[in-house]
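Below you'll find the structure, written out as structure tokens, and then a few comments.
2 protein chains.
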Amino acid sequence: MTSPIPKATVRRLPIYLRFLEECGPNTPTVGSEDIARATHGSAVQVRKDLSHVRCSGVRGVGYEVDELRQAIAKALGLGVTRRVALIGAGNLGTALAGYPGFPASGFRICSVYDKNPRRVGMVLNGMAVRHVSRLLQDAVGEPYEIGVIATPAAAAREVADLLVEARVGAILNFAGVTVQVPPEITVRNVDLATEFRILSYYLT
Amino acid sequence: MTSPIPKATVRRLPIYLRFLEECGPNTPTVGSEDIARATHGSAVQVRKDLSHVRCSGVRGVGYEVDELRQAIAKALGLGVTRRVALIGAGNLGTALAGYPGFPASGFRICSVYDKNPRRVGMVLNGMAVRHVSRLLQDAVGEPYEIGVIATPAAAAREVADLLVEARVGAILNFAGVTVQVPPEITVRNVDLATEFRILSYYLT
DNA sequence: TAGATTGTTAATCGATTAACAATC
DNA sequence: TAGATTGTTAATCGATTAACAATC
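Keeping their order, the protein sequence lines are chains A and B. Take the position in the first sequence, starting the count at 1, then add 1309; the result is the number in the numbering used here. Take the position in the second sequence, starting the count at 1, then add 1309; the result is the number in the numbering used here.
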């Protein structure tokens, strides 16, 4: 790979990508100004960010939507199908299992696990919920690249250990507690209460 | 208020707070090193962040957990009860309505709205789901401080306009599309697909 | 006093913005 | 050529880190 894309840019590229995906076929081309307006950014920022993507702007004209979309997707490592294990079949897990954006981006939720026997066997988006004790053996044959924790906070650490043992490459943790994993595994913690609390400061 | 807290610090303070809340009564005091370890940060960073909070460290000892917890909560403007309107009673909305962390942080989901007549009348966490057409009149008497969008992407913009009209102070948007609102309203967009896509880059 | 740990100042690093050159 | 818009270099700004002073 070439030089790494700055973190701040990596956070914004998916937002640009989403905007590009919303552009209909009547919008063959967009300018940095258009992208900026739609994503609450500045046009210079957009151009600077896009300079890290093998991209395709035409001076005086703008960017060809479809080409730029592909270039960003490639830079983010999308376009490959990723095997995802979802742990937790409660309301949040159910929401995640049915989210149409995932298959569209190449994230394939292959299995859903839960600890509660009343949920095991339930069918979620075409998948039968399995008992979490099966995760490890399932992962042997076909490893999961991403593990998603959608359990109550109390179970999160145990599940994280299990995912580490199952050799996932990355963890997305919605449980609202920080989990500890070896440094080679990327973790993103998304916590609803944290988002509210950040908002609270700016409400003051 | 005193000088504003840097954005990067505001994002981290809730994470420290969560750690402090997890400390049992057997942990009366913590060091910056402890906080750093638990939150994947550095001790210097923690101390620098805490210097923006009217705080209470004792050299050679550390921070009194309970005192620090209160100081951070105060700095973030927590400790006041905030009226929240939740729009969207699907799986995600249901998960949000039942999330125990919200009342614990002073966020009171006062009403849940949905457009789908089949969901209107359903009881969620003790609240009857109302038709979204009632939102505006409800907000007249008792304004909502925060509006949470948990609808499908297609409905998000319409709902955002409604929330602006209802004069909310801030919007938390889980719909996965960027919404446009006047600059005086703070918006946080939390998008599940975006989180996956960021993760994807670091998996490469 | 010695050890531990906070708090602050200065240096570094990374990200954003401004200015402008390049070119369709 | 003139207008529009990208792409890049340099300047600014904000955030992180290093060094160390303060003090329990």
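Built from N, CA and C at the ideal position, the CB exists for glycine as well. Since the structure is predicted, the reported quantities are computational estimates derived from the model, not experimental observations.
Give the residues of chain B in contact with residue i, contact being defined as C-beta atoms less than 9 Å apart.
i: A/V1353; result: Correct list: empty, because the minimum Cβ distance to chain B is about 19 Å.
i: A/T1338; result: Chain B residues near A/T1338: none, gap ~20 Å exceeds 9 Å.
Under the rule that 16 or more other beta-carbon atoms within 10 Å means buried, what is residue i, buried or exposed?
i: B/V1393; result: buried
i: A/R1327; result: buried
i: B/R1288; result: Absent from the model: residue 1288 of chain B. The displayed extent of chain B is 1310 to 1513, so no value can be given.
i: A/P1323; result: buried
i: A/V1569; result: Residue 1569 of chain A lies beyond the stretch modelled for chain A, which goes from 1310 to 1513, so this question has no answer here.
i: A/L1329; result: buried
i: B/V1421; result: buried
i: B/V1477; result: buried
i: A/A1437; result: exposed
i: B/S1312; result: exposed
i: B/S1509; result: buried
i: B/V1355; result: buried
i: A/V1432; result: exposed
i: A/G1456; result: buried
i: A/T1513; result: exposed
i: A/G1474; result: Checking the displayed sequence, the identity of residue 1474 of chain A turns out to be Glu instead of Gly. Label assigned to A/E1474: exposed.
i: B/N1482; result: buried
i: A/V1441; result: buried
i: A/V1319; result: buried
From which residue to which residue does the beta strand (DSSP E) around residue i run?
i: A/G1450; result: Here A/G1450 belongs to no beta strand (DSSP E); instead the alpha helix (DSSP H) covers 1444 to 1450.
i: A/I1458; result: 1455 to 1458
i: B/F1416; result: 1416 to 1423
Taking the alpha-carbon positions, what's the residue i to residue j distance?
i: B/V1486; j: A/Y1408; result: 14 Å
i: A/I1418; j: A/R1443; result: 16 Å
i: A/R1321; j: A/G1399; result: 30 Å
i: B/C1332; j: B/A1347; result: 11 Å
i: A/L1387; j: A/S1414; result: 7 Å
i: A/L1501; j: B/P1337; result: 27 Å
i: B/G1371; j: B/P1315; result: 23 Å
i: B/V1367; j: B/G1410; result: 30 Å
i: B/K1424; j: B/L1471; result: 13 Å
i: B/E1493; j: A/L1445; result: 49 Å
i: A/C1364; j: A/F1416; result: 24 Å
i: B/Y1511; j: B/A1317; result: 21 Å
i: B/I1480; j: A/G1450; result: 44 Å
i: B/R1378; j: A/V1374; result: 48 Å
i: A/A1459; j: B/G1350; result: 24 Å
i: A/M1310; j: A/H1361; result: Interpretation of A/M1310 is limited by its pLDDT of 46, a score under 50 that renders its predicted location unreliable; the figure taken from the coordinates is listed afterwards. If you take the alpha carbons of A/M1310 and A/H1361, they lie about 12 Å apart.
i: A/A1462; j: A/R1497; result: 15 Å
i: A/G1430; j: A/I1396; result: 14 Å
i: B/V1488; j: A/V1389; result: 29 Å
i: A/R1439; j: B/T1403; result: 23 Å
i: B/P1491; j: B/I1344; result: 37 Å
i: B/P1412; j: A/V1339; result: 44 Å
i: B/G1369; j: A/I1507; result: 31 Å
At what residues does the alpha helix (DSSP H) containing residue i begin and finish?
i: A/T1348; result: 1341 to 1348
i: A/A1475; result: Per DSSP, A/A1475 belongs to no alpha helix (DSSP H) and is neither H nor E.
i: A/R1327; result: 1316 to 1331
i: A/N1400; result: 1400 to 1406
i: A/V1353; result: 1352 to 1359
Identify the contact partners of residue i in chain A, using a Cβ-Cβ distance below 8 Å as the criterion.
i: B/R1497; result: E1504, I1507, L1508
i: B/V1486; result: R1327, E1331
Starting from residue i, find everything on chain B with Cβ-Cβ shorter than 7 Å and list it in chain order.
i: A/G1478; result: L1512
i: A/Y1453; result: Per Cβ cutoff of 7 Å: no residues; A/Y1453 is ~12 Å from chain B at best.
Can you pull the DSSP bridge partners for residue i?
i: A/A1437; result: A/V1432
i: B/R1391; result: B/F1416
i: A/V1374; result: DSSP output for A/V1374 lists no bridge partner at all.
i: A/L1481; result: A/V1457, A/R1497
i: B/V1367; result: B/G1371
i: B/T1338; result: B/E1373
i: A/I1507; result: Paired residues: none, contrary to the question.
Quick one: which chain A residues come within Cβ less than 9 Å of residue i?
i: B/R1428; result: Near B/R1428 there are no residues of chain A at all, since even the closest Cβ is about 14 Å away, more than 9 Å.
i: B/S1414; result: A1502, F1505, R1506, S1509
i: B/G1397; result: Within 9 Å Cβ-Cβ: nothing; B/G1397 doesn't reach chain A, min ~10 Å.
Show which residues of chain A have a CB atom less than 7 Å away from the CB atom of residue i.
i: B/N1400; result: N1400, T1403, A1404, G1407
i: B/R1320; result: I1507
i: B/P1323; result: T1503, R1506, I1507
i: B/L1385; result: R1506, S1509, Y1510
i: B/G1369; result: None at all; the shortest Cβ gap to chain A is about 27 Å.
In chain B, which residues lie with their C-beta within 8 Å of the C-beta of residue i?
i: A/T1348; result: T1487
i: A/G1435; result: Result: empty, since nearest Cβ-Cβ is about 15 Å, beyond 8 Å.
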